[in-house]
Each structure stands twice: as C-alpha cells, then as structure tokens.
Amino acid sequence: MPLLLALVVTLITLVSVAAFAARIWWFPPDISTHGAAIDHQIVLTMFITGIIFVLAQLSLAYLLYRYRDRGDGSRAQFFHGNNTLEYTWTIAAAILFIGLNLMGYRTWAKIHFMGPDPGAMQVEVWGQQFAWYFRYPGPDGKFGPTHVDKISDSTANYLGL
Numbered sequence: 031m032p033l034l035l036a037l038v039v040t041l042i043t044l045v046s047v048a049a050f051a052a053r054i055w056w057f058p059p060d061i062s063t064h065g066a067a068i069d070h071q072i073v074l075t076m077f078i079t080g081i082i083f084v085l086a087q088l089s090l091a092y093l094l095y096r097y098r099d100r101g102d103g104s105r106a107q108f109f110h111g112n113n114t115l116e117y118t119w120t121i122a123a124a125i126l127f128i129g130l131n132l133m134g135y136r137t138w139a140k141i142h143f144m145g146p147d148p149g150a151m152q153v154e155v156w157g158q159q160f161a162w163y164f165r166y167p168g169p170d171g172k173f174g175p176t177h178v179d180k181i182s183d184s185t186a187n188y189l190g191l
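Add 30 to the 1-based position in the sequence shown for the numbering used here, that's all there is to it.
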C-alpha cells in the first residue's frame, strides 16, 4: 500500500507539472502597458514555487517508499525534531517570499506611483447609486464653479452647475 501511495503522489505531481507546461489554460492577452511585467512576475513566482512543489512532492513519495512498513516486525524510530533544520526552512521561506515581494514591488510601484501623462485631461467623476456623472473642463482646461445650493434632483442638476 505505501508503494501505491508513493506512485499516486508521483503521478499527481507529474500530471500537475504537465498541465502547467502544456499551458492548457493560461493568461489572457495583455491589454495594458503593464501587463507584460505583471505576467512576468506571476510566471517567475509560479516557476520558483513550482520547483519547490515538485521537490517536496517527490521527496514525500520517496519517503513514503523508503520508510514504509516492511512487515518484518521492526520497530519505528522516532526523533523529536531538529531545531536547526526548522530554523533553516523558516528563514529560507522568509527570504524567498520577501525576495518575490521586492521584485513584484517594482512593477507595482511603476503602476501606482506614476502621475498622469502631461497632456492628460482631468475629469471629475461623481458616483451615485446606479449612476455616474462626468464633468469635463472648459476650453481653458479649468472647471467652472459648482454651487451646492443649486444641486437638485427635480431639475437634473446633480453637480450644482
């Protein structure tokens, strides 16, 4: 039975890798200027974590086979852990996640910390339940004054112009 379980774990691992390698489902086409950078970060993250996944699953399959019950009545040997190994795994995982985060931060910062293009038109957008109202500047590029006292639903003057 442990041999069968080891084979099932190995088979699931190989099928998972094949599904990703075949790109049966993948990303939709990029429609933004930042799409390629975001896709690159996702692929890099999937590649690194995929390698770790494969190594962990194949190690699990090996250990299932190696330390199976052999039916000869021998007793199992137990140990209470290895703090050095646990610290090493924890620090390695932290370095990996922090590193991936820092690499992705550059892309995120390029998207969110950029100002508008110099020739971009400023538009005011006001949201109301089930409706959006857009206010564009005049020919001089400036907005006209708004007056709160002129806002009225009955005259459809929702912006107070």
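Glycine residues also receive a C-beta, built at the ideal position from the N, C-alpha and C atoms.
For clarity, every value in this text was computed on a predicted model and none was experimentally measured.
- Query: Any idea what DSSP makes of GLN152, helix, strand or coil?
  - Reply: coil
- Between which two residues does the alpha helix (DSSP H) harbouring TYR95 extend? 65-96
- THR137 vs ALA52 beta-carbon contact at 8 Å: no
- Query: Is it the case that the Cβ atoms of GLN193 and VAL39 are separated by a distance below 8 Å?
  - Reply: Coverage of the chain is limited to positions 31 through 191, which leaves residue 193 absent and any answer about it impossible.
- Looking at C-alpha atoms only, which residue of PHE164, PRO169, GLY171, ASP170 is the closest neighbour of LEU191? PHE164
- Message: Does PHE160 come out as helix, strand or coil in the three-state DSSP assignment?
- Response: coil
- CA-to-CA distance, ILE61 to TRP156, given in whole angstroms: 26 Å
- Query: With a CB to CB cut of under 8 Å and the five nearest residues on each side skipped, what residues in its chain are close to ASP80?
  - Reply: Residue identity check: residue 80 is Gly in the sequence provided, not Asp. The residues are VAL47, PHE50.
- Item | Whole-angstrom distance between GLY103 and PHE83, CA atom to CA atom | 34 Å
- Query: Taking the alpha helix (DSSP H) that MET133 falls in, what are its first and last residues?
  - Reply: 113-142
- Task: Over the uninterrupted alpha helix (DSSP H) stretch that includes THR185, give me the two end residues.
- Result: Taken as a continuous stretch (DSSP letters only), THR185 belongs to no alpha helix (DSSP H), as it is neither H nor E.
- So who's on the other strand from ARG165, going by DSSP bridges? GLU154
- Message: So the candidates are GLU154, MET76, ILE72; which of them puts its Cα closest to the Cα of GLY171?
- Response: With distances taken between Cα atoms, GLY171 lies closest to GLU154.
- Query: How is the alpha helix (DSSP H) around PHE50 delimited, first residue to last?
  - Reply: 32-52
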